[in-house]
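Residue 1159 in my numbering sits at position 15 of the sequence shown; the count goes up by one each step and never skips. Note that CB positions come from ideal geometry on N, CA and C, so glycine has one too. Keep in mind it's a predicted model, so treat the numbers as computed, not measured.
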Amino acid sequence: TDGRQRVWQLCGENLRDDCIQETTQAGGGSVMVWADIHYGGKTPLVDGNVKATVYRDILENHCLPLYGNNFCLQDDNARAHRAAAAREFLDSDGVQQMSWPTWSPDMNPIEWKHQYRCSVNAIF
């Protein structure tokens, strides 16, 4: 973290200790999975740490045989996606890539589906 903090307060309100809450980006934890969704369906989730070599192997063994070079790859700029091994593989195979920022506040299609499912199942 760069040390910056966000503060919300009412006009004229002073900072009070009882109104301060510590936060951690992304809730303080994460779950590492990889999945592929496409027009015709989806792939199984790949669970565990996805390092650059694992990511390259997934692309080489799952995506390219399924799509050839006729697809646009959207990833979230995680380290494994930006590592030299992955970049070189994608560039050498001419895979079209969509830029997507790490920790983007915008949801990708998989996150939208999860959010939709959670909201449909919620009791109001």
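Helix, strand or coil at residue i according to DSSP, with G and I counted as helix
| i | result |
| --- | --- |
| C1155 | coil |
N- and C-terminal bounds of the alpha helix (DSSP H) containing residue i
| i | result |
| --- | --- |
| L1189 | Unbroken run through L1189: none, as it is neither H nor E. |
| L1203 | Looking at the DSSP string, L1203 is not in any alpha helix (DSSP H), and its letter there is neither H nor E. |
| A1228 | A1228 to S1236 |
Identity of the residue in the options nearest residue i by Cα
| i | options | result |
| --- | --- | --- |
| L1203 | S1248, P1245, A1229 and N1158 | A1229 |
| N1221 | G1185, L1234 and S1243 | S1243 |
| T1197 | W1152, N1252, E1232 and G1184 | E1232 |
| Q1240 | T1187, N1214, R1261 and S1263 | N1214 |
| L1189 | M1251, W1178 and Y1211 | W1178 |
| G1185 | S1263, G1192, D1191 and L1210 | L1210 |
| V1194 | D1162, A1224, N1205 and T1187 | A1224 |
N-terminal and C-terminal residue of the beta strand (DSSP E) that residue i is part of
| i | result |
| --- | --- |
| M1242 | Q1240 to M1242 |
| C1216 | C1216 to Q1218 |
Local Cβ density within 10 Å of residue i, reported as buried at 16 or more and exposed below that
| i | result |
| --- | --- |
| R1200 | buried |
| L1154 | exposed |
| W1152 | exposed |
| R1180 | The question names Arg, but residue 1180 is Asp in the sequence shown. Buried, because 16 or more other Cβ atoms sit within 10 Å of the Cβ of D1180. |
| C1216 | exposed |
Alpha-carbon spacing of residue i relative to residue j, whole angstroms
| i | j | result |
| --- | --- | --- |
| E1157 | P1249 | 29 Å |
| R1226 | R1160 | 42 Å |
| D1219 | R1150 | 28 Å |
| G1192 | G1238 | 27 Å |
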